[in-house]
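A.B. asks:
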Amino acid sequence: MQSIDLTICDQEPIHIPGAIQPHGVLLVIDPVSEKILQVAGDTDGLLGLESPPLGRQVGDLLVARFEALARSAGITAGNEPAYLGSVRLAARSGEIDVVAHDRDGVVLLELELTPEVRPSAARLLAVVRAVAASLEAAPDLPRACQAAAREIRSLIGFDRVMVYRFLEDGSGCVLAEDKAAELSPFLNHHYPASDIPRQARELYLRNPIRVIPDVNYVPAPLMPQLCSSTGRPLDMSDCALRSVSPVHLQYLRNMGVSASMSVSIVRDGVLWGLVACHHTAPRLVPYELREACRHVGQILSQQIAAREEAEAHIQARRLAEVRDELLLVLARTDNVEDALAEHAADLRTVLPSDGMAICRRGEVIASFGHRPSDTEIADLACWLLREGAPELYSTDRLSERHAPASSYRAQASGLLAAVISREEPLVLLWFRAERLEVINWAGNPHKPAEPGTIPGVLTPRASFAVWREAVHGRSRPWTAAELDAARRFRRAVFDLGRQQRLEELNRRLRQTLSDKEELIVQKDLLMGEVHHRVQNSLQLVNSMLGLQEREVADPVLAAHFAEARRRLLAVSAVHRRLWRSDHVQSVSFDTYLRELRDGLVEGWGPSWDRNIGIRAAPVLVPTDTAVVLALVVTELLTNAVKHAYRGASGPIDVTVGRGSSGSIRITVADQGTGMLQEERPGGFGWRLTRTLVAQVKGEIAFQDNKPGTRVVLTVPLPAHFESHPEAEGHRPLAS
């Protein structure tokens, strides 16, 4: 037999059939002019009109004014259809039930004959309350569904009422049934997704109740077919009178059904299922009873939501207790990955499963229960770590999602996997074994339709006899509570692992700091010893030079010894300054200069202590440059002390500041006799000064101080050495 493409059913435009069921009349009204733009149905038999009322005022047909009816019902765009009540006709005796709704800028009026005998509102309210109490008293969801089927059948008198639930793949199953004794049962029968196509399910979500009084009706066409205000076919998605797909009508005939009614069961905006009502003879359910059934459907929807949420809450709480207990154990360990491997058996209780495994860096480090081989698990973990794969993966039909799993579907048809980390690959896997299931289909699901006598027209299957199918490769499905528990457990393990890694990193950092602090202590001890020995050596050399100075009779030689001691003093001062500083790479030159000055005047006497002044801005200089500058300043001061005042004491000013282009500028000025260029001595001190200045790429200039001599020394500094007022020993420029 030729295969049939069932997607044709999914593409059928059932919302624009261009016709209605003939038990009512549809009027399409211009809301401004109140003129009738389109009409469908038996206007003669129902309204007493000899010809279709196209172009007439709707007020000509009804005793009540349309404007008042519409205003009282609150008809606005996007609202649900509004019941306007029973309205008397103008052309004949009797009343009609009127339902109105807005669509594409026009108002649709659906008219049905009001029955002569109708139940009172009080009776219907009492029935609905009784049904609500019955559903509330049911001990579980299956019996609540059974009570709903029984109560609705009692209310409308149909031969069979079923509660039908949609499954994840779009197929459905009869959960509850109340029927006439002579009918064959449909309880627990499954129906393929193609029995109720996608667009039909969408309309069931929009229309909470749907009736077909007679499956053998002849459709009443809409006249004209196109709406004059839009130029398009009329969208009849919300019309209760909308004509039904011929395929669906034939489907019902093949089941032996002459009349049907369905009530939608909606949970959280999703079509959960239907209350499907079948009758073996034509039967019209009046509007009031349909509304009562709609309320029963809403009550059942609320009961289903409440019971499923309660069941999920109980399961979630139970899973949380197990999860939190294990996490408490893991938190006490130093390595969460090793702890997970150690407690692999406990992980099976976190998520009820037949087996589980832990795969780290492509290697199975722990496994328990019924599971694939380690090689198969490692391959599966690699597949789960592929780019774009979710952190949490679940399926109850693994072999359909991952072909290699066909070889181990007996152990793992169900999989719930949590990728803890991709950087250091760690995957937790829970397995559920294959559960062989025998499904009772209402007819062959693989042959839901047959070619009709007209080419291209489908005819639904003719047989609904039980067709049993053994389903392989499936496991018990994972519940929403289990998926949420897995998501929470994954996050907790991830956070715990990250926390442990941070703690380990902190521990290592603390150890490194401790080791460095120990090295610093040892370095300080060593430096202290070195400093002590260097100072002792410098002091020893200084003492020996002083001894030589006192013992020699030649005054010139004694002067040379004194100069050598002063130079040694400059080096010693730098060494002491470095020892007290936290930064051995640089020296605060202003502080260092004051120490050098104090050391020099000790040998020159108290009169020079009063006359040598220092004005220095805070300047940091490199250590090697500081030594050179100290030696140069020592030479300049010594020369001024010896020659400026001819053996007497007098004022000498030393100024330190920033020069241009990041240089240091040192000025040594006296007010003595002065010295011309050609009179400058060429002794060792001057040669040493020029050599030292050249060593630091500096410049030295001799100027007339009027009176006296001013020597200006300029030395460039590296770019990153700047003035630091907050440095140790720095103070504002002052004498």
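Numbering of the sequence shown is given in our numbering, commencing with residue 180 and proceeding in unit increments. Quick reminder that beta carbons are idealized off the backbone N, C-alpha and C, glycines included.
To the nearest angstrom, report how far apart D239 and K214 are at their CA atoms.
C.D. replies: Position 60 of the sequence shown, counting from 1, holds the residue named residue 239. Position 35 of the sequence shown, counting from 1, holds the residue named residue 214. Approximately 10 Å, taken between the alpha carbons.
A.B. asks: Could you tell me the alpha carbon to alpha carbon distance between V342 and A560, rounded to whole angstroms?
C.D. replies: Numbered from 1 along the sequence shown, position 163 holds the residue referred to as residue 342. Numbered from 1 along the sequence shown, position 381 holds the residue referred to as residue 560. Roughly 41 Å separates the two Cα atoms.
A.B. asks: To the nearest angstrom, report how far apart L479 and Y383 are at their CA atoms.
C.D. replies: For the purposes of this step, residue 479 is taken as residue 300 along the sequence shown, with counting starting at 1. For the purposes of this step, residue 383 is taken as residue 204 along the sequence shown, with counting starting at 1. Using only the alpha carbons, I get a separation of about 16 Å.
A.B. asks: Taking the alpha-carbon of P569 as reference, which of R669, S552 and E616 has the nearest alpha-carbon?
C.D. replies: Residue numbering aside, residue 569 sits at position 390 when the sequence shown is read from its first letter. Here the closest residue by C-alpha is R669.
A.B. asks: Taking the continuous alpha helix (DSSP H) assigned at R540, which residues delimit it?
C.D. replies: Here residue 540 corresponds to residue number 361 of the sequence shown, with the count starting at 1. Per DSSP, R540 belongs to no alpha helix (DSSP H) and is neither H nor E.
A.B. asks: Would you call V307 buried or exposed, if buried means 16 or more other Cβ atoms sit within 10 Å of its Cβ?
C.D. replies: Looking up residue 307 in the sequence shown gives position 128. Classification for V307: buried.
A.B. asks: Closest by CA to N367, which one among I599, A379, N685 and E356?
C.D. replies: In the sequence shown, counting from the first residue as 1, residue 367 sits at position 188. Of the listed residues, the one whose Cα sits closest to N367 is E356.
A.B. asks: Flag this pair as yes or no: are the beta carbons of D663 and A489 separated by less than 8 Å?
C.D. replies: Locating residue 663 in the sequence shown gives position 484, where the first residue counts as 1. Locating residue 489 in the sequence shown gives position 310, where the first residue counts as 1. No; because the gap between Cβ atoms is not below 8 Å, this pair is not in contact.
A.B. asks: Please return the same chain residues whose Cβ sits closer than 6 Å to the Cβ of D319, not counting the five positions on each side in sequence.
C.D. replies: Numbered from its first residue, the sequence shown carries residue 319 at position 140. Answer for D319: no residue qualifies.
A.B. asks: What does the alpha-carbon distance come out to for the pair G135 and P412?
C.D. replies: Because the chain in this structure spans residues 180 to 914, residue 135 falls outside the shown range and cannot be described.
A.B. asks: If G593 and L577 are in contact, beta carbons under 8 Å, what's the gap, nearest whole angstrom?
C.D. replies: Stepping through the sequence shown from its first residue, residue 593 is reached at position 414. Stepping through the sequence shown from its first residue, residue 577 is reached at position 398. Right, their Cβ atoms sit about 7 Å apart.
A.B. asks: I want to know whether the region 223–240 touches the region 266–276 - three or more CB-CB distances under 8 Å.
C.D. replies: The region 223–240 is in contact with the region 266–276.
A.B. asks: Along the chain, where does the beta strand (DSSP E) containing C352 start, and where does it finish?
C.D. replies: For the purposes of this step, residue 352 is taken as the residue at position 173 of the sequence shown. From DSSP, the beta strand (DSSP E) with C352 extends over G351 to K358.
A.B. asks: Are H522 and R339 closer than 8 Å when you measure CB to CB?
C.D. replies: Here the question's residue 522 lines up with position 343 in the sequence shown. Here the question's residue 339 lines up with position 160 in the sequence shown. No, these two residues do not count as a Cβ contact at 8 Å.
A.B. asks: I493: buried (16+ other C-beta within 10 angstroms of its C-beta) or exposed?
C.D. replies: Stepping through the sequence shown from its first residue, residue 493 is reached at position 314. Result: exposed.
A.B. asks: Please classify I633 as buried or exposed, where buried requires at least 16 other C-beta atoms within 10 Å of its C-beta.
C.D. replies: Counted from its first residue, the sequence shown places residue 633 at position 454. With a pLDDT of 48 at I633, under the threshold of 50, the predicted position of this residue should be treated as unreliable, and no value is reported.
A.B. asks: Mind checking Q856: buried by the 16 CB within 10 Å criterion, or exposed?
C.D. replies: By 1-based counting over the sequence shown, the position of residue 856 is 677. The pLDDT assigned to Q856 is 45, lower than 50, so where the model puts this residue is not dependable; a value taken from the coordinates is nonetheless given after this. With fewer than 16 Cβ atoms within 10 Å of its Cβ, Q856 is classed as exposed.
A.B. asks: Exposed or buried, L505, counting other C-beta atoms within 10 Å across all chains shown (16 or more means buried)?
C.D. replies: As a first step, residue 505 is located in the sequence shown; it is residue number 326 there, counting from the start. Answer is buried; the Cβ neighbour count reaches 16.
A.B. asks: Below 8 Å CB to CB, which residues in the same chain sit around S786 once its five sequence neighbours on both sides are set aside?
C.D. replies: The residue labelled residue 786 in the question sits at position 607 within the sequence shown. For S786, where only same-chain residues beyond five positions count, the Cβ hits under 8 Å are S828.
A.B. asks: Do A796 and R837 come within 8 Å of each other at the CB atom, strictly closer than that value?
C.D. replies: For this step, residue 837 is matched to residue 658 along the sequence shown. For this step, residue 796 is matched to residue 617 along the sequence shown. Note that the C-beta distance between R837 and A796 is below 8 Å.
A.B. asks: Below 8 Å on the Cβ atoms is my guess for D883 versus G853; work out the distance and round it to an integer in Å.
C.D. replies: Walking along the sequence shown from the start, residue 883 turns up at place 704. Walking along the sequence shown from the start, residue 853 turns up at place 674. D883 to G853, Cβ: 6 Å. Contact.
A.B. asks: Pick out whichever of T817, V650 and D849 has its Cα sitting closest to the Cα of H369.
C.D. replies: In the sequence shown, the residue the question calls residue 369 occupies position 190. Closest by alpha carbon: V650.
A.B. asks: Helix, strand or coil: how does DSSP classify K695 here?
C.D. replies: Along the sequence shown, read from residue 1 onward, the residue named residue 695 stands at position 516. In this structure, K695 counts as helix in the three-state DSSP scheme.
A.B. asks: With DSSP as the reference, identify every bridge partner of I831, one or two as the case may be.
C.D. replies: Start at 1 with the first residue of the sequence shown, and residue 831 comes out as number 652. Residue pairing by DSSP puts I831 in a beta bridge opposite I791 and D849.
A.B. asks: May I have a chain-ordered list of the beta strand (DSSP E) segments no shorter than 3 residues that lie completely inside the region 407–493?
C.D. replies: 438–446 and 449–458
A.B. asks: Of all the options D832, A536 and L526, which has the alpha carbon lying nearest to the alpha carbon of R773?
C.D. replies: To locate residue 773, count along the sequence shown from 1; it is residue 594. The option with the nearest alpha carbon to R773 is D832.
A.B. asks: Between V700 and L736, what straight-line distance do the alpha-carbon atoms span, to the nearest angstrom?
C.D. replies: By 1-based counting over the sequence shown, the position of residue 700 is 521. By 1-based counting over the sequence shown, the position of residue 736 is 557. Straight-line measurement puts the Cα of L736 at about 46 Å from the Cα of V700.
A.B. asks: Checking 8 Å against the spacing of the C-beta atoms, do I483 and R511 come in under that value?
C.D. replies: Counting from 1 along the sequence shown, the entry for residue 483 is found at position 304. Counting from 1 along the sequence shown, the entry for residue 511 is found at position 332. No; because the gap between Cβ atoms is not below 8 Å, this pair is not in contact.
A.B. asks: Excluding the five sequence neighbours on either side, which residues of its own chain have a C-beta within less than 6 Å of the C-beta of L498, listed in chain order?
C.D. replies: Taking the first residue of the sequence shown as 1, we reach residue 498 at position 319. Around L498: A664.
A.B. asks: Write down the C-beta distance between V606 and C538 rounded to the nearest angstrom, noting that I regard them as a contact closer than 8 Å.
C.D. replies: In the sequence shown, residue 606 corresponds to position 427, counting from 1. In the sequence shown, residue 538 corresponds to position 359, counting from 1. Confirmed, about 5 Å.
A.B. asks: From L206 to L287, what distance separates their C-alpha atoms?
C.D. replies: Reading the sequence shown from its first residue, position 27 is the one you call residue 206. Reading the sequence shown from its first residue, position 108 is the one you call residue 287. About 6 Å.
A.B. asks: Report yes if the C-beta distance between L615 and A597 is below 8 Å; otherwise report no.
C.D. replies: Locating residue 615 in the sequence shown gives position 436, counting from the first residue. Locating residue 597 in the sequence shown gives position 418, counting from the first residue. Not in contact: L615 and A597 (Cβ atoms no closer than 8 Å).
A.B. asks: Does the separation of the CB atoms of S441 and V423 fall below 8 Å?
C.D. replies: As a first step, residue 441 must be located in the sequence shown, where it is residue number 262. As a first step, residue 423 must be located in the sequence shown, where it is residue number 244. Cβ atoms of S441 and V423: not closer than 8 Å.
A.B. asks: Give the C-beta separation of H823 and T870 to the nearest angstrom, bearing in mind that I take them to be a contact with Cβ-Cβ under 8 Å.
C.D. replies: Here residue 823 refers to the residue found at position 644 when the sequence shown is read from its first residue. Here residue 870 refers to the residue found at position 691 when the sequence shown is read from its first residue. Here residue 823 turns out to be Ala, not His, going by the sequence shown. With 8 Å as the limit, A823 and T870 do not qualify as a contact, their Cβ atoms being about 23 Å apart.
A.B. asks: With DSSP as the reference, identify every bridge partner of T893, one or two as the case may be.
C.D. replies: Residue numbering aside, residue 893 sits at position 714 when the sequence shown is read from its first letter. R844 and E878.
A.B. asks: Can you have a look at R677 and say buried or exposed, based on whether 16 or more other CB atoms are within 10 angstroms of its CB?
C.D. replies: Stepping through the sequence shown from its first residue, residue 677 is reached at position 498. The residue in question, R677, is exposed, as its Cβ has fewer than 16 Cβ neighbours within 10 Å.
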